[in-house]
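Using the numbering used here, you'd call the opening residue of the sequence shown number 12 and step up by one each time.
Think of the CB as a built atom: it goes at the ideal place given N, C-alpha and C, for glycine as much as any other residue.
Just so we're clear, the structure is a prediction, and the values are computed from it rather than from any experiment.
The next block holds one structure in the form of structure tokens; read it before the comments.
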Amino acid sequence: MLFAHASRYRSRICKIMTTSKDEPNELETVAPRNKMGLLGAISYIIGNIVGAGIFITPTTILANTNSIGLALCVWIGTGVIAMLGSFSYIELGTAIHESGCDFAYACYVKWYALAFCYMCVGCLVHYPAVVAIQAQTFSEYFLWAGYCRL
Numbered sequence: 012m013l014f015a016h017a018s019r020y021r022s023r024i025c026k027i028m029t030t031s032k033d034e035p036n037e038l039e040t041v042a043p044r045n046k047m048g049l050l051g052a053i054s055y056i057i058g059n060i061v062g063a064g065i066f067i068t069p070t071t072i073l074a075n076t077n078s079i080g081l082a083l084c085v086w087i088g089t090g091v092i093a094m095l096g097s098f099s100y101i102e103l104g105t106a107i108h109e110s111g112c113d114f115a116y117a118c119y120v121k122w123y124a125l126a127f128c129y130m131c132v133g134c135l136v137h138y139p140a141v142v143a144i145q146a147q148t149f150s151e152y153f154l155w156a157g158y159c160r161l
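Set out below in structure tokens:
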């Protein structure tokens, strides 16, 4: 039961002292905002789901298939697989009303050790690798634009 309530952490509310002219030592409650706007949600989805892969994979697929038609078939096939995966996550998200995605779903079925391992691998391996790929892609295209001669 070590990880039973790991996905249910609430944000802590802080008390701070205000120094206004009217009431010099009044306590004010400060809590973080728990809302994401439409623009923030769209930016998050585009940045994390689409990401830098859209700039890297087309040339790799085309180089390995040597055919535009076969490359389009690969894109359509992987798009269908991604769509089926998104349908699975939509179903899980509507059935389990906990925040935390994969971690929350593993905790929901009481697989605490698997959830802990998943989060450790995600934090120590997966996320740094994604950031490294995005940084490499950005620097490659940024430097290419700087040295391109018209």
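Kindly indicate which residue of the options has the alpha-carbon position closest to the one of residue i.
| i | options | result |
| --- | --- | --- |
| Val61 | Thr105, Tyr152 and Gly90 | Gly90 |
| Asp97 | Asn75, Tyr152, Cys112 and Leu81 | The sequence given here has Ser at residue 97, not Asp. Looking at the Cα atoms, Cys112 is the closest of the given residues. |
| Ile65 | Trp86, Leu154 and Ala106 | Trp86 |
| Tyr138 | Ala52, Gly51 and Asn59 | Asn59 |
Exposed or buried, which one is residue i when buried takes at least 16 other CB atoms within 10 Å?
| i | result |
| --- | --- |
| Phe114 | buried |
| Tyr100 | exposed |
| Ala146 | exposed |
| Ile116 | The question names Ile, yet the displayed sequence has Tyr at residue 116. The residue is buried, with at least 16 neighbouring Cβ atoms inside 10 Å. |
| Ala82 | buried |
| Phe126 | Before going further, note that residue 126 is Ala rather than Phe in the sequence given. By the 10 Å Cβ count, Ala126 comes out buried. |
| Cys128 | exposed |
| Cys131 | exposed |
| Cys118 | buried |
Measure the C-alpha to C-alpha separation of residue i and residue j and round it to an integer number of angstroms.
| i | j | result |
| --- | --- | --- |
| Leu49 | Tyr55 | 10 Å |
| Arg19 | Ala143 | Note that Arg19 has pLDDT 48, beneath the 50 cutoff, so the model's placement of it is unreliable and the number below is only indicative. If I take the Cα positions, the gap works out to 31 Å. |
| Arg23 | Ile57 | Its pLDDT being 46, under 50, Arg23 is placed unreliably in this model, and the value from its coordinates should be taken loosely. The alpha-carbon atoms of Arg23 and Ile57 are separated by roughly 30 Å. |
| Glu102 | Gly157 | 45 Å |
| Ile72 | Gly88 | 13 Å |
| Trp122 | Met47 | 29 Å |
| Ala74 | Ser150 | 22 Å |
Give the list of continuous alpha helix (DSSP H) stretches no shorter than 4 residues that lie fully inside the segment 45-87. 49-56 and 64-76
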